[in-house]
Amino acid sequence: MEFDVVPHPNPTPESAIAEALADIGFGTTYTDHTVVVDYRVGTGWHSARVEPFGDITLSPAAAVLHYAETIFEGLKAYVHDDGSVYTFRPEANADRFRRSARRMALPELPEEVFVASLEELVSRDKAWVPNGEGESLYLRPFLFATEAFLGVRPATEFTYRVIASPAGNIFGGELRPVKIWVSRDYVRAAPGGTGSAKTGGNYAGSLVAQRQAIEKGCDQVLFLDPLHENAVEELGGMNVFLVRDDNTLITPELTGTILEGVTRDSIIQLAKDRGFTVEERRIRLEEWAAGAADGSITEAFACGTAAVVTPIGQLLDGEETITMTGDFSTTMSLREELLGIQTGRVEDRHHWLHKLA
Ligand code: COI
């Protein structure tokens, strides 16, 4: 697919990019360009283009605004020492994007168009890729229904877009162990629902619980399984792992209600490479609490594209607090290895990197 290119008429000057990258947050600054590909039933994917980043014109009746017909992805681009820019396992994100599309009755974007769209954007906005420790250019592909129609049925017109945003620590400031609030009032997903799709509604539904978490002084919310008492599912926007003292990682199994994280999958591989046992199974909060108390479960961490690997220091469940007593050495060394591969400092033995620019 060929992309037409309309370059930004006034690209951000180098000094302003440097200023933006000096005070890097998460998701607040956007690069100069965006990629757009439209889709219409009967026509298919068409009008692929790169254009200046700007506001979108949409009918107030667009289906996405009413029925949340939308999906997204998250990937990161990293600059290597030779100045090239790479991303990590984009085929896995392309694959999940198609799975999410199927679940949400959206059209499936071919993998080659997904990957090409990242190349098109990053090759133009390469100057925006930060190179500080743990920093990257966060890439956000998304697809939504533009058709103006208030009847409830799968739409027939859609737009795919990619935007890019320089990213530091999603939790703000320096990396530190985060505090998690266990949601007892809300669940995130149920069997047969949309839990494993990366769709906006899952995140919208998590926000009232996330607000409670913040009110309790926590960084993120942990959701439990609605069917099995006290079974750990995932955080509002990331997967969760426990580290047991017998070289074992434990993470909730994928049952259709959990987001199938690319970082989750990569951590499982890296841990197995080290000779760790990885258990994907149901984890009850009681097991987490007992393990933390008797010192057998030493560490816990959150992982995701945005979160990378972030230690969990404490879990607040009502009046109860579970405190992790380990030194996070396993968590941090998995984080270092993953970031090392992504930034080209550690051998990419699984061929996970893809050069974008
Ligand atoms: C990601 O890790 O890319 C996510 O999608 C999490 C969040 C920023 C929504």
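Numbering (the working numbering), first residue to last: 31 to 387.
Built from N, CA and C at the ideal position, the CB exists for glycine as well.
| said: I'd like to check one pair, Ala157 with Glu44: are the Cβ atoms closer than 8 angstroms? | reply: Yes, the pair counts as a contact, with Cβ atoms nearer than the cut-off.
| message | Can you give me the C-alpha to C-alpha distance between Arg274 and Gly225, rounded to a whole angstrom? | response | In a straight line, the C-alpha of Arg274 is about 27 angstroms away from that of Gly225.
| message | Please tell me whether, using a cut-off of 7 angstroms, the distance from the CB of Gly267 to the nearest non-hydrogen atom of the ligand COI is below it. | response | For Gly267, the Cβ falls inside the 7 angstroms cut-off from some heavy atom of the ligand COI.
| query | When we look at the beta-carbon of Gly198 and count the other beta-carbons within 10 Å, is it buried (16 or more) or exposed? | reply | Buried, since its Cβ has 16 or more Cβ neighbours within 10 Å.
| What are the boundary residues of the alpha helix (DSSP H) that Lys302 is part of? | Its alpha helix (DSSP H) spans residues 292-303.
| field | Distance CB(Ala261)-CB(Trp211) smaller than 8 angstroms | value | Their beta carbons are not under 8 angstroms apart, which means Ala261 does not touch Trp211 by this criterion.
| task | Please state if the CB of Tyr168 and the CB of Gly57 are separated by a distance shorter than 8 angstroms. | result | It is a contact, given that the beta carbons lie within the stated cut-off.
| message | Tell me whether the segment 109-119 and the segment 365-378 touch, counting them as touching only if at least three CB pairs, one residue from each stretch, are closer than 8 angstroms. | response | Yes, since at least three Cβ pairs between the segment 109-119 and the segment 365-378 fall closer than 8 angstroms, the two stretches touch.
| request: Starting from the C-beta of His76, find all residues in its chain whose C-beta is less than 8 angstroms away, skip the five residues before and the five after it, and write them out in chain order. | output: Close CB contacts of His76 within its chain, under the 8 angstroms cut and outside five residues either way in sequence, are with Val67, Asp68, Tyr69, Arg70 (chain order).
| query | Residue range of the alpha helix (DSSP H) that Thr360 falls in? | reply | Where Thr360 is concerned, the enclosing alpha helix (DSSP H) stretches over 359-372.
| message | By DSSP's criteria, Gly202 is part of a beta bridge. Which residues make up the other side? | response | BP columns for Gly202 are empty, so no partner.
| said: At the level of alpha carbons, what is the spacing between Thr293 and Arg379? | reply: Rounded to the nearest whole angstrom, the CA to CA distance from Thr293 to Arg379 is 16 angstroms.
| message | Using only the alpha-carbon positions, how far apart do Ile298 and Pro39 sit? | response | The straight-line gap from Cα to Cα measures roughly 45 angstroms.
| field | beta-carbon Ile54 near the ligand COI non-hydrogen atom, thresh 7 angstroms | value | No, Cβ of Ile54 sits at least 7 angstroms from all heavy atoms of the ligand COI.
| Cβ pair count under 8 angstroms reaching 3, the segment 130-137 against the segment 346-360 | Below 8 angstroms, too few C-beta pairs join the segment 130-137 and the segment 346-360 to call them touching: fewer than three.
| task | Starting from Arg133, trace the alpha helix (DSSP H) both ways and give me its first and last residue. | result | For Arg133, the enclosing alpha helix (DSSP H) begins and ends at 120-133.
| According to DSSP, is Val65 helix, strand or coil? | In the structure shown, the three-state DSSP call for Val65 is strand.
| field | Cut-off 7 angstroms between Cβ atoms - residues of its own chain near Thr59, not counting five sequence neighbours on either side | value | Ala50, Ser195, Pro196.
| query | Between Val263 and Lys385, what straight-line distance do the alpha-carbon atoms span, to the nearest angstrom? | reply | What sits at residue 263 in the sequence shown is Glu, not Val. Going by the C-alpha atoms only, they are around 34 angstroms apart.
| Thinking just about the alpha-carbon of each residue, which of Thr73, Pro184, Leu180, Ala227 is nearest to the one in Arg128? | Restricting attention to Thr73, Pro184, Leu180, Ala227, the CA atom closest to the CA of Arg128 is found in Ala227.
| Per-residue DSSP class, three states only, for Trp75 | Shown here, Trp75 sits in a strand according to DSSP, grouped into three states.
| query | Hey, is Thr335 close to the ligand COI, as in C-beta under 7 angstroms from one of its heavy atoms? | reply | Thr335 Cβ: within cutoff of the ligand COI.
| field | Closest Cα partner of Val192 within the set Thr100, Ala107, His63 | value | Taking only the C-alpha atoms, the option nearest Val192 is His63.
| field | Classification of Gly203 by the beta-carbon crowding that lies within 10 angstroms, buried from 16 upward | value | Residue environment for Gly203: exposed (fewer than 16 other C-beta atoms within 10 angstroms of its C-beta).
| Is the segment 214-225 in contact with the segment 173-182, if contact means three or more CB pairs nearer than 8 angstroms? | Two segments are said to touch when three or more pairs of C-beta atoms, one from each, lie closer than 8 angstroms; by this definition the segment 214-225 does not touch the segment 173-182.
| query | If you draw a straight line from the alpha carbon of Arg241 to that of Thr73, how long is it in whole angstroms? | reply | Their Cα atoms are separated by approximately 43 angstroms.
| Is Ala219 helix, strand or coil by DSSP? | Here Ala219 sits in coil by DSSP.
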